[in-house]
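To start, the structure under review is shown below, and the notes come after it.
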Amino acid sequence: MGEINVGQSTVHIVDSDPAHRRDLAQMVRQLGLDCHPFAAFSDLMEAMGYLPAGCILLAWRDRAANEAAALGAVVRSVLLQRPEMAVVIMAASPTIADVVQALRAGAIDFLEIPVQTEMLRPVLDHGFAVLPARVARQQRIGQASALTTQLTPREQEVLRGVVAGLTNRAIAERLRIGVRTVEMHRGNIMQKLQMDNLAALIRFAILTGILDHGLDAA
Amino acid sequence: MRPDEDLRLHHWLYISRCVVEPAWTAAMMDTLVAHAKGRNASIGLTGALLFTGTHFLQALEGPPTALALMRAAIGEDRRHTALVTLDEGSIPERRFAGWSLAYAGGSIYLANKVRGAMDGGAPALMHLLETFVGSAGLQA
Ligand SMILES: Cc1cc2nc3c(=O)[nH]c(=O)nc-3n(C[C@H](O)[C@H](O)[C@H](O)COP(=O)(O)O)c2cc1C
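First to last, the protein sequences are chains A and B.
Using our numbering, read the first sequence as starting at 2 and increasing by one per residue.
Using our numbering, read the second sequence as starting at 249 and increasing by one per residue.
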């Protein structure tokens, strides 16, 4: 991923209800923000790759067919593609389970349908307040991941071992290589990742998620 | 201490307002949660903490003596003020399996819900905390 386009303050709206979608778009424009309305979630997902970073107001209307768990899945599918987006779920008479589900999946906020300007404004303020840090974080991850691809598979294995807190000897035993070889790999890793200390290396590994699919050791 | 004393359970539900500068709240939460996790586990307290960016909501439960001591410590903590007890007393059984952070974030919706439920809303707030930490169907 290259530079993330932040653009103006853009609000992406997804709502299958034409009247509510129109009202929302109007409120968003009156707040002086750019607005991209979508009628269907699939339209949003299709455009996702090139949308400017911003807030996504996503109406959740098919609850009859879906458990609250599906709401979490929707939020996660957006964030999987664009983790920096500030997702806000909108629903008519939501249950606590809906709200919790959305927030736990990574939505930054929640709105009740029909959305009123008095409620929309502070929520969008919240979204645009957290957006720069989210974008910056994604850019750091992008840069870090680019560096990781320079590591050989073996170096990546050694890195996981280091981050998991294993000694060089333990890593050597696990990978069935010599301790000297592990030391050599560690040196190369630090050089390739442009790190000069272990603490920086561990921060890097956490940031890039190397820990997540790391060692299956407990 | 009589043996049956250890078996009694008390609980406490309170809300309070954070007085830490917004720029420092993330670091504060990291420290607080790391400390509370270990400490609560070691003295038999379970429950959940929620932080909306402006307010704390916490449920704690466990042996009466441990809970009373913790209440005193939390009451004196300078990181928050305007502490209001929403519910307290003895309970037949625990509602939380462990102690955890239910939520920490800036959701306006949640902040309004929490403030709105302050008067007589203890059951609703307990339900909110339980839903956050409950795992049933939530971590698809
Ligand atoms: C909102 C809030 C909730 C807290 N909850 C807990 C808690 O559940 N467990 C805990 O050990 N400390 C908690 N603390 C920290 C205590 O107030 C206090 O700082 C700590 O217990 C002091 O520990 P010490 O005596 O080991 O220094 C909380 C603090 C705040 C502001």
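Note that the Cβ used here is the ideal one computed from N, Cα and C, for glycine as well.
- request: Using only the heavy atoms of ligand 1, determine whether one of them is closer than 8 Å to the beta carbon of I322/B.
  value: Locating residue 322/B in the second sequence gives position 74, where the first residue counts as 1. Yes, ligand 1 has a heavy atom inside 8 Å of this Cβ.
task: Kindly list, in the order they appear in chain B, the residues whose Cβ is closer than 7 Å to that of H127/A.
output: Residue mapping note: residue 127/A aligns to position 126 of the first sequence, counting from 1. In chain order: G354, I356.
- request: Starting from T273/B, trace the beta strand (DSSP E) both ways and give me its first and last residue.
  value: Counted from its first residue, the second sequence places residue 273/B at position 25. Run containing T273/B: none in the beta strand (DSSP E); it sits in the alpha helix (DSSP H), 273 to 291.
Proximity to V124/A [Cα-Cα], best of L199/A, T153/A, S17/A, I90/A: On the first sequence, residue 124/A is found 123 positions in, with the first residue counted as 1. The residue with the shortest Cα to Cα distance from V124/A is I90/A.
field: chain B within 9 Å of M86/A, Cβ atoms only
entry: Position 85 of the first sequence, counting from 1, holds the residue named residue 86/A. By this cut-off, M86/A is not an interface position.
N-terminal and C-terminal residue of the beta strand (DSSP E) that S348/B is part of: Stepping through the second sequence from its first residue, residue 348/B is reached at position 100. Here the beta strand (DSSP E) through S348/B covers 347 to 352.
message: If the cut-off is 9 Å on Cβ atoms, which residues from the segment 104 to 133 of chain A count as contacting chain B, listed in chain order?
response: L104, R105, A106, A108, I109, D110, F111, L112, E113, M120, P123, V124, D126, H127, A130, V131
query: Are A316/B and H258/B touching if we call contact CB-CB under 9 Å?
result: Along the second sequence, one-based indexing puts residue 316/B at 68. Along the second sequence, one-based indexing puts residue 258/B at 10. Against a cut-off of 9 Å, the Cβ pair of H258/B and A316/B comes out as a contact.
query: Which bits of chain B does V76/A rub up against, with CB to CB less than 8 Å?
result: Counting from 1 along the first sequence, the entry for residue 76/A is found at position 75. Near V76/A there are no residues of chain B at all, since even the closest Cβ is about 11 Å away, more than 8 Å.
G215/A to V164/A span [Cα, whole Å]: As a first step, residue 215/A must be located in the first sequence, where it is residue number 214. As a first step, residue 164/A must be located in the first sequence, where it is residue number 163. At G215/A, the pLDDT of 45 sits below 50, so the modelled position is not reliable and the matter cannot be decided from this model.
message: Rounding to the nearest angstrom, what Cα-Cα distance links D252/B and R170/A in this structure?
response: Within the second sequence, numbered from 1, the residue matching residue 252/B stands at position 4. Within the first sequence, numbered from 1, the residue matching residue 170/A stands at position 169. Note that D252/B scores 49 on pLDDT, short of 50, meaning its location in the model is unreliable and no value can be drawn from it.
query: If we cut at 9 Å on Cβ distances, does A375/B have a partner in chain A?
result: The residue labelled residue 375/B in the question sits at position 127 within the second sequence. Position check: residue 375/B holds His in this sequence, whereas Ala was assumed. Closer than 9 Å to some Cβ of chain A, the Cβ of H375/B qualifies, so yes.
query: Which of the residues in the segment 325 to 350 of chain B, read from start to end, lie with their CB under 9 Å from any CB of chain A?
result: A350
message: With a threshold of 8 Å on Cβ separation, who are the neighbours of V159/A within its own chain once the five nearest residues in sequence on each side are excluded?
response: For the purposes of this step, residue 159/A is taken as the residue at position 158 of the first sequence. I172, L176, V183, H186, R187, I190, listed in sequence order.
message: What does DSSP give as the partner residue(s) for F111/A in the beta ladder?
response: Walking along the first sequence from the start, residue 111/A turns up at place 110. In DSSP, F111/A forms a bridge with I90/A.
- prompt: So, is V267/B buried or exposed, given that buried needs 16 or more other C-beta atoms within 10 angstroms?
  reply: Here residue 267/B is taken as the residue at index 19 of the second sequence, counted from 1. It counts as exposed.
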